[in-house]
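Those protein sequences? They're chains E and L, same order as listed.
So that you can map any letter, position 40 of the first sequence is 43 in the numbering used here, and since no number is skipped, the others follow by simple counting.
So that you can map any letter, position 113 of the second sequence is 356 in the numbering used here, and since no number is skipped, the others follow by simple counting.
Structure record follows, encoded as structure tokens.
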Amino acid sequence: SQKIEQNSEALNIQEGKTATLTCNYTNYSPAYLQWYRQDPGRGPVFLLLIRENEKEKRKERLKVTFDTTLKQSLFHITASQPADSATYLCALEEGGKLIFGQGTELSVKP
Amino acid sequence: GAVVSQHPSRVICKSGTSVKIECRSLDFQATTMFWYRQFPKQSLMLMATSNEGSKATYEQGVEKDKFLINHASLTLSTLTVTSAHPEDSSFYICSAYSGGLFTDTQYFGPGTRLTVL
């Protein structure tokens, strides 16, 4: 089954900079990949979905890329704000179920 | 749209008791609901998949007699942790999937923090 790897170390950046988070997977390319935001003690909130035939998807300050050759997705937050501080999870579809990475904690300092 | 609620948000119980957690889709009908468990600093682990009107499908290593799931309607699924023990203490999260309307996207509840003393 799939193994998903996200940066386990927290990412600390300055307000206004672009945050880039990485999600790597090991096996076959999934039909789609999703990114979620999770705040402490809360359930994940859906952000973006990108399909295997899409290279890039944007939503406001968010951008996701999907490289099936590298088996990697990158998640970018441009013009980051302290309110963007949270844990970001990537999830892959496998057999109709979602497999989650362990998440990367992002901290945006003012 | 696509709001999922859970109740209770927090529960503390004594070892050996049973706890029921409700998951509701408030503004759509969920053909499928999923139950996850998340330990601190770890990923969400799928416990079971629940389809309305049928028996839940449990993931490997999850005891179906300990974690009872009922999906009696298209808007409600319940998870009952029977004879809870301290090692069952965790954050339990449900998600709902409607199939056609919000295709391929699961919408998550706010989670239930279970503490077993």
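We put the CB at the ideal spot given by N, CA and C, even for glycine.
Which one of the options has the shortest CA to CA distance from residue i?
i, options, result
"THR300/L", "GLU330/L, VAL359/L, ARG253/L, TYR279/L", "TYR279/L"
"HIS79/E", "ASN30/E, ARG40/E, SER32/E", "ARG40/E"
"GLU302/L", "PHE310/L, MET290/L, LYS309/L, GLY296/L", "MET290/L"
"GLU265/L", "THR355/L, ASP331/L, LEU360/L", "THR355/L"
"ASP87/E", "LEU77/E, THR71/E, VAL111/E, GLY46/E", "VAL111/E"
"THR275/L", "LYS307/L, ALA315/L, GLU306/L", "ALA315/L"
"TYR350/L", "ASN313/L, LYS307/L, ARG267/L, LYS257/L", "ARG267/L"
"VAL305/L", "THR358/L, LEU322/L, ASP270/L", "LEU322/L"
"PHE277/L", "VAL247/L, LEU357/L, ILE255/L", "VAL247/L"
"THR21/E", "LEU65/E, LEU92/E, LEU101/E, SER4/E", "LEU65/E"
"LYS263/L", "TYR335/L, LEU317/L, SER341/L, LEU360/L", "TYR335/L"
"LYS58/E", "LEU77/E, TYR91/E, LEU92/E", "LEU77/E"
"GLY44/E", "GLN249/L, GLU295/L, ALA273/L, THR260/L", "GLN249/L"
DSSP beta-bridge partners for residue i?
i, result
"ARG253/L", "ARG356/L"
"PHE69/E", "SER76/E"
"TYR31/E", "For TYR31/E, which the question treats as bridged, DSSP gives no partner whatsoever."
"VAL288/L", "Per the sequence shown, the amino acid found at residue 288/L is Met instead of Val. MET288/L pairs with ARG280/L."
"PHE103/E", "ALA94/E"
"VAL267/L", "Note on identity: in this sequence residue 267/L is Arg, with Val being the wrong assignment. Paired residue(s): SER248/L, LEU319/L."
"VAL111/E", "ILE16/E"
"GLN272/L", "Note: GLN272/L sits in no beta bridge, so no partner."
"THR300/L", "THR292/L"
Using only the alpha-carbon positions, how far apart do residue i and residue j sit?
i, j, result
"GLN285/L", "SER293/L", "23 Å"
"SER83/E", "LEU24/E", "13 Å"
"ARG142/E", "THR348/L", "For chain E, the structure presents residues 4 to 113; residue 142/E sits outside this window and is missing."
"PRO353/L", "CYS337/L", "8 Å"
"GLY46/E", "THR72/E", "31 Å"
"LEU311/L", "GLY19/E", "47 Å"
"LEU344/L", "LEU317/L", "Unreliable placement is indicated for LEU344/L, whose pLDDT of 47 sits below 50; the coordinate value is still reported in the next sentence. Each residue's alpha carbon lies about 14 Å from the other."
"TYR31/E", "GLN5/E", "8 Å"
"SER297/L", "THR29/E", "33 Å"
"ALA94/E", "SER326/L", "32 Å"
"HIS328/L", "ASP70/E", "44 Å"
"VAL67/E", "LEU357/L", "34 Å"
"LEU319/L", "ASN313/L", "8 Å"
"ILE16/E", "ASN56/E", "31 Å"
Helix or strand or just coil, what does DSSP make of residue i?
i, result
"GLU295/L", "coil"
"ALA245/L", "coil"
"LEU344/L", "Residue placement at LEU344/L cannot be trusted, given a pLDDT of 47 that sits under 50; what the coordinates show is reported in the next sentence. Correct three-state label for LEU344/L: coil."
"ALA86/E", "helix"
Going by DSSP, what residue range makes up the beta strand (DSSP E) through residue i?
i, result
"SER316/L", "310-316"
"ASN15/E", "14-17"
"GLU8/E", "7-9"
"GLU55/E", "Neither: GLU55/E is in no beta strand (DSSP E) and is coded neither H nor E."
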